[in-house]
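Going by the working numbering, the first residue of the sequence shown is number 1425, and it counts up by one from there. Every residue gets a Cβ at the ideal spot worked out from N, C-alpha and C, and that includes glycine. The structure displayed is predicted, hence computed values, not measured ones.
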Amino acid sequence: HMPEIEIRPALSTDFEHFIHITLSNRTEYVWQMDRVIEEGQITVRFREVRLPRAVQVDLPYSVDSVLKVAQAAGGVLAAVFQGIPIGYIILDETMVPSGVWIRYLAVAEQYRRQGIGSALLISAQEWAVQRRFRKMILETQSKNYSVIRMANKLGFELSGYNDRYYGNQDIALFFSRLLR
1425 HMPEIEIRPA
1435 LSTDFEHFIH
1445 ITLSNRTEYV
1455 WQMDRVIEEG
1465 QITVRFREVR
1475 LPRAVQVDLP
1485 YSVDSVLKVA
1495 QAAGGVLAAV
1505 FQGIPIGYII
1515 LDETMVPSGV
1525 WIRYLAVAEQ
1535 YRRQGIGSAL
1545 LISAQEWAVQ
1555 RRFRKMILET
1565 QSKNYSVIRM
1575 ANKLGFELSG
1585 YNDRYYGNQD
1595 IALFFSRLLR
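Quick look at the structure:
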């Protein structure tokens, strides 16, 4: 069950705490892509695959790039526990017409799997609705199974992919959700 957390707009003093929140995680599942190209059609299929052992998933971004984006972003929300930021979501209003792009979503390792990421995502949706945005897009790696599951649970649907998006050759998956 989720600890008592407050979700609020991030303060500039929160950013120094964001540096210490690791962007990596471990997973036993990936979304594997199969692509078949035939004359007149391309079939792309993603399927959940259990790995023989857990693998470390590192985000293909540096902490510095996250902080640069945070400082320029239209919206940054922090999840705060006992006065300390333990998670954040960074929202970009410039990448999608009438939409919000979720650039980063992170929760400190010891607080994961307690609903804090979902709470941040739901708060971000409320933030976007108040500003009259019509859709949200979430980008994640095909190996980031916990984010894929959370996105599906919260009504996001797979809306695209790019297998040349990240420098580390991982596949970028894009999930979107219409807002009311």
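- Restricting attention to alpha helix (DSSP H) runs no shorter than 4 residues, the region 1486-1572 encloses them at 1487-1496, 1540-1554, ordered along the chain.
- Residue environment: L1501 is assigned as buried (16 or more neighbouring CB atoms within 10 Å of its CB, all protein chains considered).
- For the set G1579, K1559, V1487, the Cα lying nearest the Cα of S1542 is the one of G1579.
- Put simply, of L1597, R1537, E1452, L1529 the residue whose alpha carbon is nearest the alpha carbon of V1479 is E1452.
- Judged by beta-carbon spacing, V1571 lies beyond the 7 angstroms limit of L1603, meaning their Cβ atoms are not closer than that value.
- In terms of Cα proximity to R1527, the closest of I1540, I1546, M1560, E1440 is M1560.
- Bounds of the alpha helix (DSSP H) holding E1440 are 1439-1442.
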